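Just below is one structure, and these are the notes that go with it.
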């Protein structure tokens, strides 16, 4: 029964991550003519990954992350600019590879006792986001030291690293949504 729950959570997570990668994130802000949606410049892919780990747990989150990377590396266009094995040499691949430890750690934290409020779940998602960002930063740094990026480390860091700000906002949302889903799906706290 537990294996079925793990696999069904992983499949649901994979579908959620793929769908999240297609949906741009917006922020509703008040303006002179009422509320308007402002694009955040990212998709809902990372919050979908973290939400999977928060609700379905570390095993399902890990399996969903591995499946997502496998699908993308085997030519299906689920990554931002398509798919294929050539993504391994892309500066942003470290962030994609960071999905795996981020999902595991987020899921492990969410399974701890007392993780039954939105703030704690948002913090767990924040830790997962930091793990993902550290993996991406490490890849950028190692590539720069190897001369892989042609001396353009700082622009790459600014381009990839600044995505953490809107993603941090979405971690709060993922925590609240996870709290609601855990209640609806009767996930033990």
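In the numbering used here, the protein residues as written are 225 to 413.
The beta-carbon is built from N, C-alpha and C at its ideal position, and this holds for glycine as well.
Just so you know, these numbers come straight off a predicted model, no measurement behind them.
Note that the C-beta distance between residue 247 and residue 267 is below 8 Å. Distance from the CA atom of residue 405 to the CA atom of residue 388, rounded to whole angstroms, is 24 Å. Beta-carbon to beta-carbon, residue 399 and residue 342 are separated by about 5 Å, close enough to satisfy the 8 Å threshold. Following the DSSP letters along the chain, one finds residue 407 inside the alpha helix (DSSP H) bounded by residues 388-408. Along the stretch 254-323, the alpha helix (DSSP H) occurs as fully enclosed runs of 4 or more residues at 269-280, 282-297, 317-321, listed in sequence order. When the alpha-carbon of residue 270 is set against those of 336, 330, 230, the nearest one is in 330. Look at residue 248 here: in three-state DSSP terms it is strand. At the C-beta level, residue 241 and residue 280 stay beyond 8 Å of one another. The DSSP-derived three-state label of residue 337 is coil.
The residues 318, 319, 321, 322, 325, in chain order, have a CB closer than 7 Å to that of residue 359 in the same chain once the five nearest residues on each side in sequence are set aside. The Cβ atoms of residue 265 and residue 412 lie no closer than 8 Å to each other.
A contact between stretches requires three or more CB pairs, one per stretch, nearer than 8 Å, and the stretch 308-316 meets this requirement with the stretch 351-370. With contacts defined by Cβ atoms closer than 8 Å, residue 274 and residue 352 form a contacting pair.
Between the beta-carbon of residue 230 and that of residue 293 there is about 18 Å, and that puts the pair past the 8 Å contact cut. Membership of residue 374 in any alpha helix (DSSP H) is not indicated, and neither H nor E is assigned to it by DSSP. If you compare the alpha carbons of 239, 345, 309 with that of residue 402, the shortest gap goes to 345.
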